[in-house]
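K.L.:
Structure in structure tokens, see below.
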Amino acid sequence: MATLAPSVAITAFRDDHLPQGLALTRALRWPYRLEDWAFAHRLGRGYAVEQDDRLAGTAFWWPHGEDYASLGMIVVAQEAQRRGIGAAMMDAMLADTGTRSLFLASTVAGRALYERLGFVEVDTIHQHQAVLTAAPAPVAVDATVRTATADDLSAIHALDRDAAGMERGALLGALLPTADVVVAERGGRVIGYGAVRTWGRGVVIGPVAASDADVARALIAALARAHIGIFVRIDTAVSTGLSPWLESLGLPHVDDAVAMVRGTPPPPGRDARLYALSNQSLG
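Using the numbering used here, read the sequence shown as starting at 14 and increasing by one per residue.
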């Protein structure tokens with residue numbers, strides 16, 4: 014366990030921490046809204062470090078079934094850095110998550126700490142974003158892209174489980190009611206889904222799971238066409254190969270994060286893969 018200054022203690026993150034948590038991410042120019050913080054807090058298990066009655070650090074983890082969890086929103090205030098706060102919060106989360114395999118999206122600043130704790134790089138995440146100025150051209154694909162209905166929910170959950178390699182029912186149960194969702198259907202079978210919801214400076218497209226990259230492009234194009242003139246963000250792994258196409262839509266690649274795993278990575282999907290994240294913290 015990392016050693017903290019005597020005036021610092023780790024506590025559970027509380028509702029009344031939300032405004033100060035928002036201030037921490039604003040200081041880093043991360044585009045969270047208070048509503049985004051509240052969503053993450055409700056869904057996950059958070060830690061807070063208070064110093065002199067002020068929030069000095071936060072960290073969250075979100076369970077995905079019994080075997081996996083994602084970690085994120087690990088923030089230490091500028092004036093509180095180099096005091097062991099980040100390491101201590103990571104120690105607390107590692108103890109709490111037990112034997113689960115863990116994944117996170119690392120900044121450059123955090124990578125060395127995560128490597129010391131046994132995390133290894135598995136991919137790079139490209140962040141694409143801009144005010145979308147033109148409608149994407151429809152993508153020719155042998156499937157019907159349509160608005161999802163309540164009858165599609167079980168198929169969406171099953172497809173996501175295959176694509177992500179883990180059970181993400183809690184995430185989808187919280188996210189899908191807040192989003193516009195489309196599915197790709199072939200022969201009466203759902204072979205892809207995508208969601209877009211209000212987040213940050215505008216909207217975020219994700220998660221997107223599909224049988225192949227063409228189906229993923231068709232889903233993303235359908236979702237993007239409804240948001241011309243809106244700030245649109247999408248986070249995708251380099252291994253999906255979508256970045257050049259997203260650039261062609263007018264969504265430039267503006268930043269990177271390192272996708273890291275501690276433990277056993279989720280197995281690859283049999284019939285689908287994830288092409289876009291719900292966000293970098295939640296996966």
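Cβ atoms here follow ideal geometry from the backbone N, Cα and C, with glycine treated the same way. Everything numeric in this text was worked out from a predicted model, so none of it was measured.
Quick one, are the C-beta atoms of valine 194 and alanine 208 less than 7 Å apart?
P.N.:
yes
K.L.:
Quick check on the burial criterion: 16 or more other C-beta atoms within 10 angstroms. Buried or exposed for glycine 201?
P.N.:
exposed
K.L.:
Out of curiosity, what's the CA-to-CA distance linking alanine 122 and alanine 69?
P.N.:
17 Å
K.L.:
Between alanine 176 and leucine 41, what straight-line distance do the alpha-carbon atoms span, to the nearest angstrom?
P.N.:
32 Å
K.L.:
Measuring straight from C-alpha to C-alpha, what distance separates proline 280 and aspartate 109?
P.N.:
Cα to Cα, proline 280 sits roughly 23 Å from aspartate 109.
K.L.:
What's the gap between the Cα of alanine 82 and the Cα of proline 76?
P.N.:
4 Å
K.L.:
Who are the Cβ neighbours of proline 265 in its own chain at under 7 Å, not counting the five residues just before and after it?
P.N.:
Excluding the 5 residues flanking it on each side, proline 265 has same chain C-beta neighbours closer than 7 Å at His141 and Ala143, in chain order.
K.L.:
For isoleucine 247, which three-state DSSP category applies?
P.N.:
strand
K.L.:
Roughly how many angstroms separate the alpha carbons of alanine 239 and arginine 174, rounded to a whole number?
P.N.:
27 Å
K.L.:
What does the alpha-carbon distance come out to for the pair leucine 145 and threonine 71?
P.N.:
32 Å
K.L.:
For alanine 285, which three-state DSSP category applies?
P.N.:
coil
K.L.:
In whole angstroms, what is the alpha-carbon distance linking arginine 95 and arginine 129?
P.N.:
Approximately 16 Å, taken between the alpha carbons.
K.L.:
Going by DSSP in three states, aspartate 80 sits in which element: helix, strand or coil?
P.N.:
coil
K.L.:
What ranges does the alpha helix (DSSP H) occupy inside the segment 178-247, keeping only unbroken runs of at least 4 residues that lie completely in it?
P.N.:
182-188 and 226-237
K.L.:
Cα-Cα, which of Gly85, Leu189, Asp80 and Asp65 is closest to tryptophan 74?
P.N.:
That would be Gly85, whose Cα lies nearest to the Cα of tryptophan 74.
K.L.:
Within the same chain, show all residues whose beta-carbon is closer than 8 Å to that of glycine 263, passing over the 5 residues directly before and after it, in chain order.
P.N.:
Ala143, Leu145, Thr146 and Ala147
K.L.:
How many Å lie between leucine 35 and threonine 157 at the Cα?
P.N.:
40 Å
K.L.:
For alanine 122, write down the residues that DSSP places opposite it in a beta bridge.
P.N.:
None, per the DSSP bridge assignment.
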